[in-house]
Each structure stands twice: as C-alpha cells, then as structure tokens.
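K.L.:
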C-alpha cells in the first residue's frame, strides 16, 4: 500500500505539467493571430488615412493654382485697353499715335486684346488632352475671321489644345514731366528718376492729347529723362528725334503688351506663362499645374458698354469691339493621388474637355471667370 501511494504522488505532477504546456501553445497561437489582425487593421487605417491625406493635398494644390491664375488674369484683364487721355479724343488710336518703332507692334495699339483659338477647341467641340505635352506649329491657331496665325515669337512655346491671349495697356509713369524744361532735343525731361528700364516702350503725348508718339527708351532706369536716340536697343526707333514738341503738361506712359499662354514648365508640368511682347523679353512661368486655357471674347456690337455676345477668337471680326473676356482654366495636382483613373469630362466655356484614353489619377479642377475691360467701358 505504501508503494502505491508513492507512485501516485510521483506521477501526478508530471501529468499536470504536460497539460499546462499544451494550453500555453494554443494561447500563443491565438495571441499571434490577434496581433496579426490588429497590425493589419492599423496598417489599413494608416494606408487609408495616407491616401485621404494625399488626395486632400492634391485637391489643395489644384485649388491654389486656380486662385493664383485668377489673381493674375483678372487685374491684367481689367487694365487692358487703358490708353490714357489719347483714348478720349474720339478718334481711332492708330490715327492719333505715331509709331516710331522699327516695325509694327505684335498687336496694334488700338486693340485692348487679341486672342488666338487652337483649332477644334471652341464651343461644341470635344477636346482630348494628350498625356505628353506637345508644342505644334503656329498654323494650328487662328485669330479673328482673317485667320491670323500665332505670333512667331510664341510659336514652339504654346502647348496644344490651349488658347492664347495678348493684352495691351498704358501705365502712367509715377514721375511727372519737368515743368521748367520739358524737352531737350531727343529727350523728355522728368522731375526725377523714372525707374523705367532701358528698352521699355513709351508713349508720350503733349498736354492736349491730340497726338502721341510711341518709341523705345534708350537710357537707363536711374536717368531723369526719357531719351529716344542712341542706345543698343531692339527693335529700336525709326529716327533719333521726336516729331512732336512736348510742353510742361506732357504725359508719359509705359506701353505694356503681354501674352498669356500654357507652356511646359521647368519641372515638365504644364504651366501658365506670361511674356512681354514689346520689347520681347524671356517668358515668365507663373503657375504650375495649369493644363489648358479656353477663352471667349465678349463683343459690344450694340453700342452699349457691355458685351452682348461671346465668341471664340476665330469668330471675332473686329477686335476693337471686345468689352470683356470669359476664361476657363483646368488645373491639376502634381501627383497621381486618386484610386482610379480620372475619366471625367469637364465643360470649359462650351468645350467638352477630358483625358480620354490618356486618363491618369490626378485631381483636376475647372474654373470660369468673366472680366470686363475697364478701358473699354
């Protein structure tokens, strides 16, 4: 009896130990499975949150680009056609202003605006934007019913499927003419330094504003005079002396002619550019991520100060009738942040615009703005 009790006492703990080791392995496997599930859940939440963040950032970038475009185009459009006192004489500007430059202006001075329409991108047309940027020849754009090609200085810079706009305006100089000695030969004396760089184009008119001359400034910005003669300027002037005499009430303006278009930016992205046309200066990249620009021109054909019809550039017969401009821009995110390809079709002032089979996963926005030309009101 004593041996039996000893046997029971010896083997009973061993049996219990084996049972505990089996339960611990099962518990470990359950814990590992729960840990994997938790890790998978946290990873899924992170990936979802990261995707949402990237999409939000892409949308914010497109929205910011849209705001920048509007903040640039609208003020410049409002100023277009501001031709100072010479516009109040009741005569066409090309009859009032004597062009002393070597060669014609890109856009005649009597026009506040001129545009070029890319072929088959007007109202009612369907536009398919290419995945790669291309810069076609000038013949793909038309301006007005005469079908003027795109200016040669812009050819090769503008991407396909996008319109082009040039604005003309006069900006009065902040420094008045020297009343005591307004003119000295081929210079108009000012009361202080003009701050106007060499090469810039100037319009000067005597106090009665009945006549004016437009010419290129040949002296430096720190000079207290506006000089016509001499200097290595381009295109330069036709002659060294003024044809008019300038009195103490003479008014002097800077002539500003700017082109706006979509080109390829430094990072390979499409971008809004601005370029001074007279004198020709290097283009400025203003806003990256602007994919296309579509424009309609509001014509005042009824003799009022407001537009009564809107046409694309190739339908405009008389550019002096333009009273307002309606523009639409498409902006996009820098990165492909959407879950699926963006196959949306956007209405851009009557043109149905999409990526077609070239669709990527970028966020895109389209905005529309209409601005009256105050110089034409």
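In the numbering used here, the protein residues as written are -8 to 368. All C-beta atoms in this analysis are idealised placements derived from N, C-alpha and C, irrespective of residue type, glycine included.
So what does DSSP say about residue 338, is it helix, strand or coil?
P.N.:
Three-state DSSP puts residue 338 in a strand.
K.L.:
DSSP on residue 55, reduced to helix/strand/coil?
P.N.:
The answer is helix: DSSP assigns residue 55 an H, G or I state.
K.L.:
Have a look at residue 65 and residue 31 and give me their C-alpha separation to the nearest angstrom.
P.N.:
Rounded to the nearest angstrom, the two C-alpha atoms are 51 Å apart.
K.L.:
With DSSP as the reference, label residue 83 as helix, strand or coil.
P.N.:
Of the three classes helix, strand and coil, the one that applies to residue 83 here is coil, per DSSP.
K.L.:
Say whether the stretch 148 to 161 touches the stretch 181 to 191, bearing in mind that this needs 3 or more beta-carbon pairs closer than 8 Å, one atom from each stretch.
P.N.:
The answer is no - the stretch 181 to 191 does not touch the stretch 148 to 161, with fewer than three Cβ pairs under 8 Å.
K.L.:
May I ask which residues mark the beginning and end of the beta strand (DSSP E) holding residue 89?
P.N.:
That run of the beta strand (DSSP E) goes 88 to 90.
K.L.:
Applying the 10 Å Cβ sphere with the 16-neighbour rule, what's the burial state of residue 72?
P.N.:
Residue 72 comes out buried.
K.L.:
In its own chain, which residues sit with a C-beta less than 7 Å from the C-beta of residue 198, not counting the 5 before and 5 after it?
P.N.:
If we look at residue 198 and ignore the five residues flanking it on each side, its Cβ neighbours are 238, 240, 241.
K.L.:
Which word fits residue 275, buried or exposed, when buried means at least 16 other C-beta atoms lie within 10 angstroms of its C-beta?
P.N.:
Classification for residue 275: exposed.
K.L.:
Any idea if residue -8 is buried or exposed, counting beta-carbon neighbours within 10 angstroms, 16 or more meaning buried?
P.N.:
Note that residue -8 has pLDDT 44, beneath the 50 cutoff, so the model's placement of it is unreliable and no number is given.
K.L.:
With DSSP as the reference, label residue 28 as helix, strand or coil.
P.N.:
In this structure, residue 28 counts as helix in the three-state DSSP scheme.
K.L.:
Go through its chain and collect everything with a Cβ distance to residue 212's Cβ below 8 Å, but skip five positions before and after it.
P.N.:
So the qualifying residues of the chain are 184, 185, 186, 187, 188, 189.
K.L.:
In whole angstroms, what is the alpha-carbon distance linking residue 176 and residue 231?
P.N.:
Cα to Cα, the separation comes out at about 9 Å.
K.L.:
Whole angstroms are fine: how far does the CA of residue 33 sit from the CA of residue 67?
P.N.:
Between residue 67 and residue 33, the C-alpha separation is close to 51 Å.
K.L.:
If you check the beta carbons only, do residue 325 and residue 280 fall under 8 Å apart?
P.N.:
Yes, these two residues count as a Cβ contact at 8 Å.
K.L.:
Spatial neighbours of residue 100 within its chain, please: CB distance less than 6 Å, with the 5 preceding and 5 following residues excluded, ordered by chain position.
P.N.:
For residue 100, where only same-chain residues beyond five positions count, the Cβ hits under 6 Å are 84, 88.
K.L.:
Let me know the alpha helix (DSSP H) ranges lying completely inside the stretch 159 to 222, each 4 residues or longer, listed in chain order.
P.N.:
For the stretch 159 to 222, not a single whole alpha helix (DSSP H) run of length 4 or above is found.
K.L.:
Determine the DSSP secondary structure at residue 36, reduced to helix, strand or coil.
P.N.:
DSSP places residue 36 in helix when its eight states are reduced to three.
K.L.:
In this structure, how does DSSP classify residue 61 when only helix, strand and coil are distinguished?
P.N.:
Three-state DSSP puts residue 61 in a helix.
K.L.:
Helix or strand or just coil, what does DSSP make of residue 255?
P.N.:
It is a strand residue.
K.L.:
Apart from the five residues just before and just after residue 196, which ones in its own chain have a Cβ nearer than 6 Å to its Cβ?
P.N.:
Contacts found: 77, 203, 242.
K.L.:
Please list the terminal residues of the continuous beta strand (DSSP E) segment that includes residue 105.
P.N.:
It spans 104 to 109 - the beta strand (DSSP E) in which residue 105 sits, taken as one unbroken run.
K.L.:
I need the boundaries of the beta strand (DSSP E) containing residue 118, first residue and last residue.
P.N.:
Note, residue 118: beta strand (DSSP E), 117 to 119.
K.L.:
Could you tell me whether any non-hydrogen atom of the ligand PLP is closer than 7 Å to the CB of residue 90?
P.N.:
The ligand PLP is not part of this structure, which contains no ligands at all.
K.L.:
What does the Cβ neighbour count give for residue 108, buried or exposed, with the cut at 16 atoms within 10 Å?
P.N.:
Residue 108 comes out buried.
K.L.:
So which of 304, 218, 145 has the shortest CA-CA distance to residue 174?
P.N.:
Residue 174 has its Cα closest to that of 218, out of 304, 218, 145.
K.L.:
Does the count of Cβ pairs from the stretch 303 to 319 and the stretch 279 to 294 closer than 8 Å reach three?
P.N.:
Cβ pair count under 8 Å is three or more, so yes.
K.L.:
Given a cut-off of 8 Å, decide if residue 150 and residue 255 are closer than it, judged by their beta-carbon atoms.
P.N.:
Yes, the Cβ-Cβ distance between residue 255 and residue 150 is below 8 Å.
K.L.:
In this structure, how does DSSP classify residue 68 when only helix, strand and coil are distinguished?
P.N.:
Residue state, collapsed to three classes: helix.
K.L.:
Work out the CA separation of residue 351 and residue 23 for me, nearest whole Å.
P.N.:
Cα-Cα distance, rounded: 40 Å.
K.L.:
Starting from residue 318, follow the beta strand (DSSP E) in both directions and report where the run begins and ends.
P.N.:
From DSSP, the beta strand (DSSP E) with residue 318 extends over 313 to 323.
K.L.:
Beta-carbon within less than 6 Å of residue 163's beta-carbon, same chain only, minus the 5 sequence neighbours each way: which residues are those?
P.N.:
Within the same chain, residue 163 has close Cβ partners 244.
K.L.:
Once DSSP output is grouped into helix, strand and coil, what is the label at residue 249?
P.N.:
Correct three-state label for residue 249: strand.
K.L.:
Three Cβ pairs or more, each shorter than 8 Å: is that satisfied between the stretch 350 to 367 and the stretch 102 to 116?
P.N.:
Contact holds: three or more Cβ-Cβ distances are below 8 Å.
K.L.:
What did DSSP end up calling residue 229 once you bin it into helix, strand or coil?
P.N.:
Reduced to three states, the DSSP call for residue 229 is coil.
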